[in-house]
Amino acid sequence: MKLTTILAALTLSAADVSGHYIFQQFSLGSKKFGVYEHIRKNTNYNSPVTSLSSNDLRCNVGGNSGASTTVLSVQAGESFTFFSDVAVYHQGPISLYMSKAPGSVNDYDGSGDWFKIYDWGPTFNGGQSSWPMRNSYQYTIPKCIKNGEYLLRIQQLGIHNPGSPPQFYISCAQVNVTGGGNASPSPTVKIPGAFKASDPGYVANIYNNFNSYTVPGPAVFNC
Ligand SMILES: *[C@@H]1O[C@H](CO)[C@@H](O)[C@H](O)[C@H]1NC(C)=O
């Protein structure tokens, strides 16, 4: 084998070992877009964010700016899906958040108010849990929110290693909502800040007499 081939093989297997997953595709209704189309491109391959105080918690490492990401026009009430490259395989909750940009979402760093629109949690069976680990998560744009440009954020929190820092897998899509209403969603949180090291849903031991769970972050906003 040539040295370059060996190096390429080593690099590949190193990536496999540290391999996780990344939410890198989006669909609206039945229209599926390309990889990173309308989704801010991260620069940390498929690695998680583990610091609760990092701005990377907003839209992942490299997702601070959306200058090179297109904005998708969506109708309030319309169905969308986030897809991961490989199915989620670390146990933990999945949540969807939105934050309205003060102007153009391309320029928005996610430092404003975030509200949560959905949580996927576990189901329990005699101290055991099962989690909705898949490669697609579908929901709808809330019907009542105001028109305008938003970050639409998916977060999966890997809590599979109790005692080690949980892992945040995050992506943000850029959407322009039309046909919406007049609601001011609440409660809202800032990111970072929304997640604390003492949150029960952050420190839960899923392997030990695990019978209930509270997904971290604010309550879900419903129209
Ligand atoms: C968002 O939609 C509004 C209303 O249709 C439009 O004026 C604006 O240009 C759109 N923004 C983007 C980035 O497409």
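Heads up: the sequence shown is residues -19 to -1, 1 to 204, going by mature numbering (1 follows the signal peptide of the UniProt record, and there is no 0). We put the beta carbon where it would ideally sit given N, CA and C, even for glycine.
Under the three-state DSSP convention, the category residue i falls into
{"i": "residue 39", "result": "helix"}
{"i": "residue 87", "result": "helix"}
{"i": "residue 196", "result": "coil"}
{"i": "residue 52", "result": "coil"}
{"i": "residue 184", "result": "helix"}
{"i": "residue 16", "result": "coil"}
{"i": "residue 72", "result": "coil"}
{"i": "residue 61", "result": "strand"}
{"i": "residue 77", "result": "strand"}
{"i": "residue 67", "result": "coil"}
{"i": "residue 9", "result": "strand"}
{"i": "residue 175", "result": "coil"}
{"i": "residue 169", "result": "coil"}
{"i": "residue 202", "result": "coil"}
{"i": "residue 159", "result": "strand"}
Spatial distance of residue i from residue j (CA atoms)
{"i": "residue 21", "j": "residue 69", "result": "19 angstroms"}
{"i": "residue 150", "j": "residue 139", "result": "8 angstroms"}
{"i": "residue 184", "j": "residue 90", "result": "28 angstroms"}
{"i": "residue 115", "j": "residue 49", "result": "28 angstroms"}
{"i": "residue 166", "j": "residue 132", "result": "14 angstroms"}
{"i": "residue 153", "j": "residue 98", "result": "14 angstroms"}
{"i": "residue 112", "j": "residue 121", "result": "21 angstroms"}
{"i": "residue 25", "j": "residue 42", "result": "6 angstroms"}
{"i": "residue 18", "j": "residue 51", "result": "7 angstroms"}
{"i": "residue 162", "j": "residue 137", "result": "28 angstroms"}
{"i": "residue 155", "j": "residue 179", "result": "31 angstroms"}
{"i": "residue 30", "j": "residue 190", "result": "28 angstroms"}
{"i": "residue 16", "j": "residue 193", "result": "36 angstroms"}
{"i": "residue 186", "j": "residue 1", "result": "21 angstroms"}
{"i": "residue 176", "j": "residue 159", "result": "30 angstroms"}
{"i": "residue -6", "j": "residue 164", "result": "With a pLDDT of 40 at residue -6, under the threshold of 50, the modelled position of that residue is not reliable, and no figure is offered here."}
Own chain partners of residue i with C-beta closer than 7 angstroms, once the 5 adjacent residues on each side are dropped
{"i": "residue 100", "result": "74, 76, 196, 201"}
{"i": "residue 13", "result": "6"}
{"i": "residue 173", "result": "33, 34, 35, 36, 38"}
{"i": "residue -13", "result": "Confidence at residue -13 is low in this model, with a pLDDT of 41, below 50, so its placement is unreliable and no value can be given for it."}
{"i": "residue 146", "result": "31"}
{"i": "residue 108", "result": "190, 191, 192"}
Best match in the options for proximity to residue i [C-alpha to C-alpha]
{"i": "residue 168", "options": "203, 59, 86, 121", "result": "203"}
{"i": "residue 9", "options": "54, 46, 36, 87", "result": "54"}
{"i": "residue 188", "options": "65, 103, 42, 135", "result": "103"}
{"i": "residue 59", "options": "186, 146, 11, 30", "result": "11"}
{"i": "residue 72", "options": "78, 110, 176, 84", "result": "110"}
{"i": "residue 126", "options": "176, 4, 96, 86", "result": "96"}
{"i": "residue 171", "options": "148, 157, 199", "result": "199"}
{"i": "residue 213", "options": "4, 164, 157, 148", "result": "Since the displayed the chain opens at -19 and closes at 204, residue 213 lies outside it and no answer follows."}
{"i": "residue 144", "options": "3, 182, 46", "result": "182"}
Cβ neighbours of residue i in the same chain (closer than 8 angstroms, five flanking residues each side left out)
{"i": "residue 82", "result": "88, 89, 93, 129, 130, 131, 132"}
{"i": "residue 117", "result": "62, 63, 64, 65"}
Proximal residues to residue i (C-beta, below 6 angstroms), its chain only, five neighbours per side dropped
{"i": "residue 124", "result": "57, 58, 204"}
{"i": "residue 142", "result": "none"}
{"i": "residue 105", "result": "192"}
{"i": "residue 134", "result": "78, 153"}
{"i": "residue 23", "result": "41, 42, 43, 44"}
Give the list of continuous beta strand (DSSP E) stretches no shorter than 3 residues that lie fully inside the stretch 90 to 157. 96 to 101, 104 to 106, 109 to 111, 117 to 121, 129 to 139
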